[in-house]
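Scroll down for the structure; my scribbles are underneath it.
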Amino acid sequence: MSEVIVPLWKRFALLFERENDVYKRSPKAVETKYVKAASALRRREYMSLRRGIESGLYSSDHDTLWAAGILSEILDKYKGVYRASMITAGALVRNMVGELFTERYYTPLVHLGLKPVAERLRKANEDFNAIYDERMQSNERASKKGGMADVRPLVDRAFREFVKVLESMHTSAVITGSGGAKPLQEIIDAIIASCRQLRLVYNRRTGRASRTDTPADALPTPTPAAAATLTYDHRAARALNRPKSGRSRYRPYAPEYVYL
1 MSEVIVPLWK RFALLFEREN DVYKRSPKAV ETKYVKAASA LRRREYMSLR RGIESGLYSS
61 DHDTLWAAGI LSEILDKYKG VYRASMITAG ALVRNMVGEL FTERYYTPLV HLGLKPVAER
121 LRKANEDFNA IYDERMQSNE RASKKGGMAD VRPLVDRAFR EFVKVLESMH TSAVITGSGG
181 AKPLQEIIDA IIASCRQLRL VYNRRTGRAS RTDTPADALP TPTPAAAATL TYDHRAARAL
241 NRPKSGRSRY RPYAPEYVYL
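Residues in the sequence shown are numbered consecutively from 1, following the working numbering.
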C-alpha cells in the first residue's frame, strides 16, 4: 500500500511547501526597505556635496571662490539628481562623480575639502545599485514561483487525489478483511482530527459560531468497520477561502474534508 500512498502524499507535501513559500512572500520585496534607505543615504551625500560647493560661492577667499565656481558647473549640469527617480538618479550620480575626478574638477574638489564627500557619494550610489539589483532578482525568482492563484489549485487537486486513493484502499481493506485497514484508518482519523481542530481555531479567531464548534470529543468516533470515507466539502472550503476587504483572494487554509 505504501507504494501507492507515499508518492501521492509526497507530491501533495511538495506542492504545499511551494504554496507556503508563496503565501509567506510579502507583496513588497524584503529588499524594498533597504533600497529606500540606500536611496535616502545617497541623497544626503549628494546634498552634502552640493551645500559644500554652494557655501564656497559666498567665501571671501579668492581661491575658494574660484574652486566653487568651477565645481558649480557640475551642479548646473546635474541639478536634477535630487528630484530624479531612483534609477535615473543612479545614472546621474555615476556620471557626476566620474566627472568630479577628472582633471578639470579634481583640484577644486580637493581645495574645498570635498573629495571624501564625493567618495562617499560614489560608494552610496554603488551600494544602492547593488541592493536594487538584488531586489530585481528577488522579484524575478518570485514571479517564476507564481502566485496563490497558480499554486493553490494544484495543492487542492493533489490532496483530493491522495484522499480518493486513501478512501478506496481503506474500503477495499475493510471489505476483504486483508488486515491493512488499521493503518489506513489511523491516517484517516489523523486527517479528520486536523480538519476539526482547524475549523475550531478558525471559528474562534473570526468570532463565527457554527456547528463545527462542537468539541471533538462530542463528535462520533469513526470505526474501521464503518468503511470510513473522506468527502470534499465545497461549501466549507469556499467559506474558509472567502476573501476579506483588501486581502488576497486565497487564504492559507487546507480544503475542508468532513467525515461521513
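A virtual CB, placed ideally from N, CA and C, is assigned to each residue, including glycine.
From a predicted model like this one, the values you see are computed outputs, not experimental measurements.
Could you give the distance in angstroms between the alpha-carbon of lysine 263 and the alpha-carbon of arginine 44?
Nothing about residue 263 can be reported from this structure: the residues present for the chain run from 1 to 260 only.
Since I believe valine 165 is in contact with valine 4 (beta carbons under 8 Å), could you give me their beta-carbon distance rounded to a whole number of angstroms?
That pair is a contact at about 6 Å.
Could you give the uninterrupted runs of the alpha helix (DSSP H) lying entirely in the region 65-131, keeping only those of 4 residues or more?
The qualifying runs are 86-100, 103-111.
Excluding the 5 residues preceding and the 5 following glutamate 186 in the sequence, name in chain order all residues of the same chain whose CB lies nearer than 8 Å to its CB.
Answer for glutamate 186: no residue qualifies.
I think alanine 261 touches aspartate 150, with their Cβ atoms under 8 Å apart; what is that distance to the nearest whole Å?
Outside the shown range of the chain, which is 1 to 260, sits residue 261, and nothing can be said about it.
Could you check if arginine 199 is buried or exposed, using at least 16 other CB atoms within 10 Å of its CB as the buried criterion?
The residue in question, arginine 199, is buried, as its Cβ has 16 or more Cβ neighbours within 10 Å.
Going by Cα to Cα distance, which pick from Met86, Lys79, Arg51 is closest to valine 117?
Checked all of Met86, Lys79, Arg51; the closest Cα to valine 117 is Arg51.
With distances taken from CA atoms, which of Ile191, Asn125, Ser72, Val110 is nearest asparagine 95?
Taking only the C-alpha atoms, the option nearest asparagine 95 is Asn125.
Along the chain, where does the alpha helix (DSSP H) that runs through glycine 52 open and close?
Note, glycine 52: alpha helix (DSSP H), 32-56.
Per DSSP, what kind of secondary structure is arginine 205 in: helix, strand or coil?
Note: arginine 205 maps to helix in three-state DSSP.
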